[in-house]
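Only one structure is covered here, and it is reproduced in the block below.
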Amino acid sequence: MKVFSTGGKEVNQLEPFWNATLDEIKRGYTEDQYKYCCLLCGEQVEKGIIYPQEQVLYEAERFIRLHIEKNHDSVFDYLISLDKKITGLTEHQTMLLSQFYAGKTDKEIQQEMEIGSSSTIRHHRFMLKEKERQAKTFLAIMELLKEKDQYAPAFVEPHKHATMVDDRYAVTTEEQSKILEKYFLEGLSGPLAKFPPKEKQRIVVLRAIANRIDPNVTYTEKELNELLKTIYSDYVLIRRYLIEYGFLDRKLDGSMYWLKK
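Residue numbers for the sequence shown follow the UniProt record's numbering, so the first one is 1 and each next one is one higher.
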């Protein structure tokens, strides 16, 4: 697959996702004059090229759809797996929605989840429908607000796998620039001067460090350590916080690490 390099990976992976329309999020990719971009991982496919996959040739749009099927199962599966701070869903609601998406009857769901009766499941369906109506109303309100609220600051969007979205993520683009200038004295490609004491600052710094990790590479612990050493002497501390804040994932034995997409 031909991947476009546009510099900061965070821009590739987050801005298109948060700025996409509802229809674009539903299908899982955006389109412009030159390419298709997967909203779930940032993979980009150039238009006008035929892509081979398992001895079959695909045009670009069909190939990006195939990419989503093979790498993310479905857009629904990806979205439902996001943290509840992002989806606004409880664990119970997430389980129910997964069962509904699987096409199971109310009776089958009631038996499998061992809750109430079929009428209980119907009640949950009604409550989720109410949540949908509320969400549509809220979206309309926020869209109308954008037209009038000329003093609203530009906030940095939280990364998709943030583990605790709260006031610590209320960072404006201006604040982010000042924090990065303070802690990366030689620029974002240089070393970290010191690790911030405040969590809001840590999130900004860790986001910048995550941008320097290749999203298409699975690292051994040694490889990741060598990379992080070029950024900060206490690479174990950085590695731990990258995992804790939802930037990195790893195997249970700690042998392999990769950037969450």
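Built from N, CA and C at the ideal position, the CB exists for glycine as well.
Check	Outcome
State the DSSP-derived secondary structure class of D167, mapped to helix, strand or coil.	helix
Tell me, which residues are paired with Y58 by DSSP?	Y51
By the DSSP assignment, the alpha helix (DSSP H) with D23 in it spans what residues?	L22 to R27
Taking R122 as the reference, give the member of Q99, I50, E143 and L139 with the closest Cα.	Q99
Per DSSP, which residues does F155 bridge with? Please list them.	T172
Are the CB atoms of P191 and I231 within a distance shorter than 9 Å?	yes
Using DSSP's beta-bridge definition, name the partner residues of Y219.	Y257
Go through its chain and collect everything with a Cβ distance to Q111's Cβ below 8 Å, but skip five positions before and after it.	none
Does the distance from the C-beta atom of F247 to that of R212 stay below 9 Å?	no
For the stretch 43–51 against the stretch 74–91, are there 3 or more C-beta pairs whose distance is under 8 Å?	no
From the DSSP output, which residues share a beta bridge with T105?	Beta-bridge pairing links T105 to no other residue.
Give the range of the alpha helix (DSSP H) segment to which E199 is assigned.	E199 to A210
For K194, name the three-state secondary structure that DSSP assigns.	coil
Whole angstroms are fine: how far does the CA of I25 sit from the CA of E108?	29 Å
With a CB to CB cut of under 7 Å and the five nearest residues on each side skipped, what residues in its chain are close to G254?	E221
Do you know whose CA, among K146, R168, A193 and Q33, lies nearest N204's CA?	Looking at the sequence provided, one finds Val at residue 204 rather than Asn. Minimum Cα distance to V204 is reached at R168.
Please state if the CB of E174 and the CB of A193 are separated by a distance shorter than 9 Å.	no
Short check: CB of L185 to CB of A210, under 9 Å?	no
Under three-state DSSP, which class holds P16?	helix
Could you check the C-alpha separation between K129 and M95 for me, to the nearest Å?	16 Å
Please name the residue or residues paired with Y36 in a DSSP beta bridge.	E31 and V45
Could you spell out where the alpha helix (DSSP H) holding L144 opens and where it closes?	S118 to K148
Below 7 Å CB to CB, which residues in the same chain sit around E59 once its five sequence neighbours on both sides are set aside?	I50
DSSP on D234, reduced to helix/strand/coil?	coil
Report yes if the CB atom of A170 is closer than 9 Å to the CB atom of K200, and no otherwise.	yes
Near E61, what residues of its chain come up, given a Cβ to Cβ distance below 7 Å and the 5 sequence neighbours on each side ignored?	Y36
Using only alpha-carbon positions, find the residue among Q33, I86, V56 and Q55 that is nearest to E46.	Q33
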